[in-house]
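Just remember that the working numbering sits 400 ahead of the position in the sequence shown, which is counted from 1.
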Amino acid sequence: MKVELIDLKKRYLDEKKELLNCFQRVVGKGSLVLTDELENFENKITKYTGAKYCLGLNSGTDALMMGLWALGIKKGDEVITSTISFIASAGAIFHLGAKPVFVDVCDDLNIDPDLIERSITSKTKAIMPVHWSGKICKMDKIKKISKKYGIPIIEDSAQGIGSYYKKIHSGNFGKVSAFSAHPLKNLNALGDSGFLVTNNKKIYEKVKLYRNHGLKSRDNVVLFGVNSRLDSLNAEVLSFRLKKLKNIILKRRKNISLYKKYIKTNKVQLPNDSDNSYDSYVMMISKCKNRNGLKKYLNSKGVQSLIYYGTPLHLHKASKKIGYKKGDFPNSEKICNQVLSFPHHQYLTEREIKYVSQCINDFYG
Ligand SMILES: *Cc1c(COP(=O)(O)O)cnc(C)c1O
Numbered sequence: 401m402k403v404e405l406i407d408l409k410k411r412y413l414d415e416k417k418e419l420l421n422c423f424q425r426v427v428g429k430g431s432l433v434l435t436d437e438l439e440n441f442e443n444k445i446t447k448y449t450g451a452k453y454c455l456g457l458n459s460g461t462d463a464l465m466m467g468l469w470a471l472g473i474k475k476g477d478e479v480i481t482s483t484i485s486f487i488a489s490a491g492a493i494f495h496l497g498a499k500p501v502f503v504d505v506c507d508d509l510n511i512d513p514d515l516i517e518r519s520i521t522s523k524t525k526a527i528m529p530v531h532w533s534g535k536i537c538k539m540d541k542i543k544k545i546s547k548k549y550g551i552p553i554i555e556d557s558a559q560g561i562g563s564y565y566k567k568i569h570s571g572n573f574g575k576v577s578a579f580s581a582h583p584l585k586n587l588n589a590l591g592d593s594g595f596l597v598t599n600n601k602k603i604y605e606k607v608k609l610y611r612n613h614g615l616k617s618r619d620n621v622v623l624f625g626v627n628s629r630l631d632s633l634n635a636e637v638l639s640f641r642l643k644k645l646k647n648i649i650l651k652r653r654k655n656i657s658l659y660k661k662y663i664k665t666n667k668v669q670l671p672n673d674s675d676n677s678y679d680s681y682v683m684m685i686s687k688c689k690n691r692n693g694l695k696k697y698l699n700s701k702g703v704q705s706l707i708y709y710g711t712p713l714h715l716h717k718a719s720k721k722i723g724y725k726k727g728d729f730p731n732s733e734k735i736c737n738q739v740l741s742f743p744h745h746q747y748l749t750e751r752e753i754k755y756v757s758q759c760i761n762d763f764y765g
């Protein structure tokens with residue numbers, strides 16, 4: 401049996417008719433940038449998340465950079481973030497001229513709130529928690545710190561669509577929040593896409609200008625901006641897929657409980673919701689003994705698995721250049737040697753999950 405981690409080919413076959421309808425509807429109109437489809441999608445996201453404002457952008461990375469820019473982050477500032485994330489969290493900070501200040505993680509792979517305060521200096525201008533794999537960080541504690549020091553929060557909610565903390569949707573804990581609609585996220589476009597949400601009207605208006613060259617109208621530029629407008633075709637596809645998101649997340653969560661039923665070894669620790677959180681499980685990140693051996697074994701049995709990620713952010717060459725080294729964040733370094741993701745997408749059958757589980761049991765047995 402062959403079991404793949406990524407479901408995009410199956411998804412295309414499943415959605416072919418609706419996707420072609422989107423294509424015809426949007427492309428047939430002859431107008432593809434800043435159209436009603438974009439505004440329509442943004443309104444749907446505000447309804448879904450409960451945030452007041454949304455702006456469709458070219459990527460989650462753009463959303464992070466523009467969010468930081470809107471908070472006024474500039475050269476010489478420091479922004480606190482997690483060592484376990486996709487590199488874009490740190491890259492966005494660096495590209496505004498600021499320094500990413502890493503903080504170690506808890507066992508849930510998210511930033512440890514108890515280690516944040518000691519990293520605050522007079523230069524700290526924002527705290528960027530990352531809701532890794534769609535598990536929302538311990539936001540009560542982080543919000544308390546933010547309030548105590550008057551430092552704003554920007555959520556890296558790239559994986560946070562459909563995730564809740566104490567029944568509040570991600571994106572409502574910071575001053576501004578960045579989401580990604582990259583093909584491998586739960587709400588995914590046909591290519592790179594992203595969006596930002598905020599409850600702050602000033603931030604909304606600033607970024608709205610910035611994403612479109614600072615154009616107040618066709619011939620009136622009020623500030624120098626960039627081009628980062630979610631295109632109309634992807635906006636329409638995302639509106640269509642948003643309707644299916646709740647069920648997709650439910651199916652993924654159900655698949656994880658099936659794995660829990662069939663995996664009979666304590667050498668693999670499957671992910672759990674934390675107290676107060678409802679996780680969207682973009683990836684099913686498990687912690688495994690002899691991770692590399694297991695990965696190799698699964699591969700020989702036709703089962704695809706992936707490591708998200710083997711290197712904590714502070715150990716990349718780029719981070720070493722700004723002064724980080726091995727040993728700085730022991731918990732992250734330990735966890736990055738254990739993590740492995742098995743297939744858990746919505747098109748998996750119970751038979752496939754049984755097979756993968758059996759392979760895992762055999763490896764340790
Ligand atoms: C995917 C991701 C990003 C970047 O989003 P893009 O849309 O790929 O630019 C940033 N942070 C995290 C945590 C992500 O998972």
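No residue lacks a Cβ here, since even glycine has one placed at the ideal position from N, Cα and C.
Which class does residue i belong to by DSSP, given the choice of helix, strand or coil?
{"i": "E555", "result": "strand"}
{"i": "C506", "result": "coil"}
{"i": "M528", "result": "strand"}
{"i": "C454", "result": "strand"}
{"i": "P513", "result": "helix"}
{"i": "C537", "result": "coil"}
{"i": "K616", "result": "strand"}
{"i": "I520", "result": "coil"}
{"i": "K687", "result": "strand"}
{"i": "I484", "result": "coil"}
{"i": "S563", "result": "coil"}
{"i": "F595", "result": "strand"}
{"i": "A578", "result": "strand"}
How would you write the range of the alpha helix (DSSP H) that residue i sits in, first residue to last?
{"i": "K654", "result": "S632 to Y662"}
{"i": "C736", "result": "P730 to C736"}
{"i": "K754", "result": "E750 to Y764"}
{"i": "K725", "result": "Counting along the chain, K725 falls outside any alpha helix (DSSP H), and DSSP gives it neither H nor E."}
{"i": "F423", "result": "L408 to V427"}
{"i": "G460", "result": "G460 to A470"}
{"i": "T446", "result": "D436 to T449"}
When you measure from the CB of residue i to every non-hydrogen atom of ligand 1, does any distance come out below 6 Å?
{"i": "F486", "result": "yes"}
{"i": "D556", "result": "yes"}
{"i": "G710", "result": "no"}
{"i": "H744", "result": "no"}
{"i": "S580", "result": "yes"}
{"i": "Q738", "result": "no"}
{"i": "Q559", "result": "yes"}
{"i": "V530", "result": "yes"}
{"i": "T461", "result": "yes"}
{"i": "S489", "result": "yes"}
{"i": "G594", "result": "yes"}
Going by alpha carbons, who is nearest to residue i out of the options?
{"i": "L645", "options": "E555, Q559 and F502", "result": "Q559"}
{"i": "R518", "options": "D508, D504, L509 and H531", "result": "D504"}
{"i": "S628", "options": "K689, L438, E418 and R411", "result": "L438"}
{"i": "E750", "options": "Y662, Y764 and E555", "result": "Y662"}
{"i": "G591", "options": "S580, M683 and V597", "result": "S580"}
{"i": "K402", "options": "K720, L638, K701 and K566", "result": "K701"}
{"i": "K726", "options": "F502, I707, N443 and G472", "result": "F502"}
{"i": "R691", "options": "I493, E478, H714 and S741", "result": "S741"}
{"i": "K602", "options": "V739, A589 and W469", "result": "W469"}
{"i": "L633", "options": "T481, L405 and G456", "result": "G456"}
{"i": "Y678", "options": "F763, Y565 and V530", "result": "Y565"}
Would residue i be called buried (16 or more neighbouring beta carbons within 10 Å of its own) or exposed?
{"i": "I753", "result": "buried"}
{"i": "L623", "result": "exposed"}
{"i": "R425", "result": "exposed"}
{"i": "R652", "result": "buried"}
{"i": "P730", "result": "exposed"}
{"i": "L464", "result": "buried"}
{"i": "G384", "result": "The structure shown does not extend to residue 384, since the chain is modelled only from 401 to 765, so the question has no answer here."}
{"i": "S657", "result": "exposed"}
{"i": "D477", "result": "buried"}
What are the boundary residues of the beta strand (DSSP E) that residue i is part of?
{"i": "S674", "result": "That residue, S674, is in no beta strand (DSSP E); it is neither H nor E in DSSP."}
{"i": "V607", "result": "Counting along the chain, V607 falls outside any beta strand (DSSP E), though it belongs to the alpha helix (DSSP H) covering K601 to Y610."}
{"i": "A589", "result": "It is not in any beta strand (DSSP E) - A589 carries neither H nor E in the DSSP assignment."}
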